[in-house]
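Asker: If you number the sequence shown the way our numbering does, the last residue is 150 and the count never jumps. We put the CB at the ideal spot given by N, CA and C, even for glycine. It should be emphasised that the depicted structure is a prediction, and the values quoted were computed from it without experimental measurement. Can you keep this structure in mind? I'll have questions shortly.
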Amino acid sequence: QVQLVESGGGSVQAGGSLRLSCVASGRSFSIYAMGWFRQAPGKEREFVASITYTGSRTFGADSVKGRFTISRDNTKNLVYLQMSDLNPEDTAIYYCAAREAGKDFGAWGQGTQVTVSS
């Protein structure tokens with residue numbers, strides 16, 4: 033099983049930017065598709081973005097397209113979420129997740145808080 037630790041969260045004003053990082057340890061990082069999810073207070077956890085094993089394809093929720101970019105560096109076991117033009121609706125705990133081929137996201141980090149003020 034892979035272990036995931038997120039970092040980079042914080043408080044920003046609307047229109048600002050943050051970059052989240054997630055470092056993986058344990059099994060070979062490159063076999064996993066990686067994703068970012070978020071959970072706002074009182075809401076269910078929702079998908080934000082994902083990236084394939086090789087990094088050749090990315091997917092994003094409609095709410096973040098054009099503002100958030102997911103990327104990965106398999107040489108450093110890192111996945112990133114670059115967030116721009118943040119708004120208060122982006123306030124949430126952001127979680128990194130890993131998924132093996134043919135399976136659901138099964139490994140999760142502890143989360144990092146992102147707070148956007150207006």
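Can you give the Cα-Cα distance for residue 121 and residue 148, rounded to whole angstroms?
Answerer: 8 Å
Asker: Under a Cβ-count criterion, where at least 16 other Cβ atoms within 10 Å of its own Cβ denotes burial, should residue 63 be classed as buried or exposed?
Answerer: It counts as exposed.
Asker: Would you decide whether residue 82 is buried or exposed? Buried here means 16 or more other CB atoms lie within 10 Å of its CB.
Answerer: buried
Asker: In whole angstroms, what separates the C-alpha of residue 105 from that of residue 146?
Answerer: A straight line joining the alpha-carbon of residue 105 with that of residue 146 spans about 22 Å.
Asker: Rounded to a whole number of angstroms, what is the C-alpha to C-alpha distance between residue 30 and residue 117?
Answerer: Nothing in the structure corresponds to residue 30, since the chain is present only between 33 and 150.
Asker: Go through the stretch 65–103 residue by residue and report every complete run of the beta strand (DSSP E) that reaches 3 residues or more, in order.
Answerer: 65–71, 78–83 and 90–92
Asker: Provide the residue(s) that pair with residue 124 in DSSP beta bridges, ordered along the chain.
Answerer: 146
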